[in-house]
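Numbering (the UniProt record's numbering), first residue to last: 1 to 1072.
Note that the Cβ used here is the ideal one computed from N, Cα and C, for glycine as well.
Heads up: the structure comes next, in structure tokens.
Shown next as structure tokens:
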């Protein structure tokens, strides 16, 4: 917007502010492209335009005034919130259902299109975006609206003012975009420096904070608190990359020393700071402001994994101890820039430059000489502010000396969170207010305000219209009130603490005021944000782990390295961080250069003790534990972070109400599993139900086996710990020495040296075998031990596969230790025993493999251990093989052992139904439903049996009841939901067979609405098309036949029924 045109555009705003008349005088107007400006307003307009230069917020403000009718129209739509910035308009439409929200979004789009047409504008529908904010991805499926005739489909993300929003507000896509935007910037920063050349550190810090952090934190107060920890870590990675460029530290440098050396703070600390800033900004708004209303709301969290700036900001304020500090209301109406403020003179020096290090007498003498040049018959105001550490417990004091010699003192608290500059401004404000209240012919006397804070006076010296804080504007309004009658005011800076009497007395008053109550004194937003920033940074510094860096720095941030040589600066950073890339000890520590004089410490965390092959992790049990933890985490993630639910028969102990029974049984089950490894004479495919009776009392003799197991485990652990304490240091010493001997072997070639070193490195001690064997035996078994969560079995041979490897290692280590302690004959006996054990186990393995050849043999082998489960599974195999009578006997044998097995009753009903014995089948289905009321398959097949036996009404009632069964907490909810849809499918077929096609269509459409995503809908679509065909609605029938073929192109019934339809429609035979 050019300056001449701006003069005309601000006319109406000026008239509203000053109450100017709308009539203009011919010949006294300045032409603009949008209206005219009267001559007497020219000076005001020029001042206004000077204040709001090109690129300011004036143009967006004018557009907002222009679009006021659009905002009013959008607000009339229920459940719709409007967000505008310049010509960017966004609406948030909510509803009880996704369809209701979509309808409201369409109404908003229509309102925007109508507004654009009324103002002769054209909307770009292709630039419009739609996003469904929902936890269910299906809500966004087939969601679209029309914008001025163009269809706009809902996307996975929405870009608004540079921020990318996703469906669940996880901000993952935005973090990825920010990281992608930041990477080339870091690459450009990397091109500005190197190990021995490049920009100095101050310039690198400026570039990193402005060019890189600026990109990372764009609008971060709105989205960063909602980002998940994994997404924030992506940004932390980029910040550490920038820190490595600034400092030249290697990749191995720990994150905290690295960021501290670069003068950067973690993104997580900045997240709390930005959220607190937005919270304080909201608190500074007037009552009823939308931002303040959002900040004060207490809406429940709907997204479990998503937080917001409101909660994060409140938490940060509590951590900083400023949650209950009142926030000063922000400046809403500024002082007009054309106000004449020339009667207030600012003097920010005392003549010639005086150094701060000059003696107090010299500074006082120079100040008194300068003050002598001011008017004698003036009102003298001496003000001073005090703040503890310059940040808290603010106090303001002022001394007013009238021309008559009368003195007035002022003491006022400046706020619990307060800077020295703010305390000084509070003192000046209080003194001016007191001065305006005084009477006695002071209207003619000039006023001299003496303050020792150049920052406070410089803030005021920028002008009345430039004040951005409420405190600064309040001081200027008081100054303008004092000068309203022509009085002059001098704002004079004086040096502090140099013996000037007025300043010293004001300083005493300020210190006394700092002890007054601060609870009701508001604090400005900037001071609050600085307090939170100091708290967050301090908390981060306190969290630094113990290291060489923390030893030398404590909890202080290191100073920038201002050396001219880049190479020397990098060396300083690396030395302070404890990772100097040129030191021999560092190269040895990272495994790059083994040294002869290595002290061979016993610290297993030392990188020199790391595995020579996998250098990032420790070898042996530490590697096993780490990998097991990763696998367990992945399994929990796949399971939905919650264990599945099992029936009581799968794990009877878990269903027991007695803590004693659960404890004794669960402690005993590992002993049973170990017994299967020691003596696998009795094996079974299933150990559930009553295969292992519960331990109900302490007198049960099986408790002795439990005690023996844990006593043996404790003895083994104690022996291993003793051996580790004595032998681990010697082991690593010998390994490194063997490596060095292999390197220095005289006369050997490089290949021989490498071979010898590899041989020395490959040593595997007996202690390592015991540790690894015990770890393989215990750790893989822990998830199945009912220790962390209940599992769906009592004992299972499959969970002993990996523990059996540990068992074999322990047996081998035991025989090895035994041989070293026996004489020759004893060694021979031990060898014979080992061979016998090996042959016995091999023979048992061969026999067990015979059981696993066929399912029938496997289930027959388990009858001795778990008869009901074995007979039930055996009956299923016999039935599938056509042996119906044998299968029936097996089912009845299973029920004779355990009559409440719903699955067996259900399978027996299926067997009777296949033999058309519907009465017996119905009895079996009723038994299955009795023992498991929510068994949907039993309800469905009961309905089928009733229909086949001619009981149509009863079958319809069963189908309808089956479709309403609750599936919460079931082991297989997918099959349950699919069975409910199948019940509606069969109910529709039942209505169609009776000729009630309208009822059939209603049931089919209900099934389609409730259909889960994994359900195969082709048969349902085909039957719905068949029902429409019977009613003569051929167009609807054709659409559903086509839908069936789209769902499954090779669905034969749909091809046949569609062919019948096309054969009837002879006018379009080519479509067949």
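At the level of alpha carbons, what is the spacing between residue 1053 and residue 881? Just so you know, the alpha carbons of residue 1053 and residue 881 end up roughly 29 Å apart.
What are the start and end residues of the beta strand (DSSP E) that includes residue 255? For residue 255, no beta strand (DSSP E) run applies; the uninterrupted alpha helix (DSSP H) run containing it begins and ends at 255–261, by DSSP.
DSSP-derived helix/strand/coil call for residue 863: If DSSP states are grouped into helix, strand and coil, residue 863 belongs with coil.
Decide if the region 852–866 is in contact with the region 669–688; the criterion is three or more beta carbon pairs, one per stretch, under 8 Å apart. A contact is defined here as three or more CB-CB pairs under 8 Å, and the region 852–866 meets this definition with respect to the region 669–688.
Sort out for me which residues DSSP pairs residue 491 with in a bridge. Beta-bridge pairing links residue 491 to 346 and 449.
Return helix, strand or coil for residue 385, following the three-state DSSP convention. Residue 385 falls in the strand class under three-state DSSP.
Below 8 Å on the Cβ atoms is my guess for residue 90 versus residue 160; work out the distance and round it to an integer in Å. 6 Å between Cβ atoms; contact.
Flag this pair as yes or no: are the beta carbons of residue 145 and residue 152 separated by less than 7 Å? In terms of Cβ geometry, residue 145 and residue 152 form a close pair [threshold 7 Å].
Secondary structure of residue 685, DSSP reduced to three states: Of the three classes helix, strand and coil, the one that applies to residue 685 here is coil, per DSSP.
Where does residue 189 fall in DSSP's three states? In the structure shown, residue 189 sits in a helix (DSSP, three-state: H, G or I).
Compare the C-alpha of residue 703 against each of 909, 676, 665 and 124 and name the closest. Closest by C-alpha distance to residue 703, out of 909, 676, 665 and 124, is 665.
Tell me which residue opens and which closes the alpha helix (DSSP H) that residue 421 is part of. Unbroken alpha helix (DSSP H) run through residue 421: 420–437.
Determine the burial state of residue 901: buried for a count of at least 16 other Cβ atoms within 10 Å of its Cβ, exposed for fewer. Answer is buried; the Cβ neighbour count reaches 16.
Residue 463: which of 787, 491, 813 and 852 sits nearest, CA to CA? In this structure, 491 is the residue among 787, 491, 813 and 852 with its C-alpha nearest to the C-alpha of residue 463.
Range covered by the beta strand (DSSP E) that runs through residue 1077: Missing from the structure shown is residue 1077; the chain here goes from 1 to 1072 and no further.
Residue 572 to residue 259 span [Cα, whole Å]: Near 15 Å, if we compare the C-alpha coordinates of residue 259 and residue 572.
Test item: CB-CB of residue 922 and residue 959 under 7 Å: No, the pair does not count as a contact, with Cβ atoms beyond the cut-off.
From residue 328 to residue 217, what does the alpha carbon distance come to, in whole angstroms? Distance between the alpha carbons of residue 328 and residue 217 is about 26 Å.
Should residue 1063 be labelled buried (16 or more other beta-carbon atoms within 10 Å of its own) or exposed? Result: exposed.
Three-state secondary structure (DSSP) of residue 89: Strand at residue 89.
Outcome for residue 849 when other beta-carbon atoms lying within 10 angstroms are tallied against a minimum of 16: By the C-beta density criterion, residue 849 is exposed, having fewer than 16 other C-beta atoms within 10 angstroms.
Integer Cβ distance of residue 1073 from residue 481, believed to fall under 8 Å: Missing from the structure shown is residue 1073; the chain here goes from 1 to 1072 and no further.
For residue 944, does the count of other Cβ atoms within 10 angstroms reach 16, so buried, or fall short, so exposed? Looking at its Cβ environment, which holds 16 or more other Cβ atoms inside 10 Å, residue 944 is buried.
In three-state DSSP terms, what is residue 1041? DSSP, reduced to helix, strand and coil, places residue 1041 within a helical segment of the structure shown.
N- and C-terminal bounds of the beta strand (DSSP E) containing residue 413: Residues 407–417.
How far does the beta strand (DSSP E) with residue 396 in it reach, from first residue to last? Run containing residue 396: 392–401, per the beta strand (DSSP E) assignment.
Three-state secondary structure (DSSP) of residue 486: The DSSP-derived three-state label of residue 486 is coil.
Identity of the residue in 97, 101, 110 and 94 nearest residue 1087 by Cα: The displayed coordinates of the chain run from 1 to 1072. Any statement about residue 1087 would go beyond what the structure contains.
Quick one: what's got a C-beta closer than 6 Å to residue 1058's C-beta in the same chain, skipping five residues either side? Answer for residue 1058: 1041, listed in chain order.
Between which residues of its own chain and residue 1038 is the CB-CB distance below 7 Å, once the five residues before and five after are set aside? Correct list, in chain order: 1061.
Just how far apart, CA to CA, sit residue 349 and residue 394? Approximately 25 Å between the Cα atoms of the pair.
For the region 526–584, which segments carrying the beta strand (DSSP E) assignment without a break, of at least 3 residues, lie completely within its bounds, in sequence order? Whole beta strand (DSSP E) segments, 3+ residues: zero.
Spatially closest choice to residue 714 from 778, 652, 824 and 691, by CA coordinates: The residue with the shortest Cα to Cα distance from residue 714 is 778.
Taking the straight line between their C-alpha atoms, what separation do you get for residue 185 and residue 424? In this structure, the CA atom of residue 185 is about 42 Å from the CA atom of residue 424.
For residue 1075, three-class secondary structure by DSSP: Nothing about residue 1075 can be read from this structure; the chain reaches only from 1 to 1072.
If contact is defined by three or more beta carbon pairs under 8 Å, each pair taking one atom from either stretch, is the region 304–321 in contact with the region 441–461? The region 441–461, when compared against the region 304–321, does not touch it at the 8 Å Cβ threshold.
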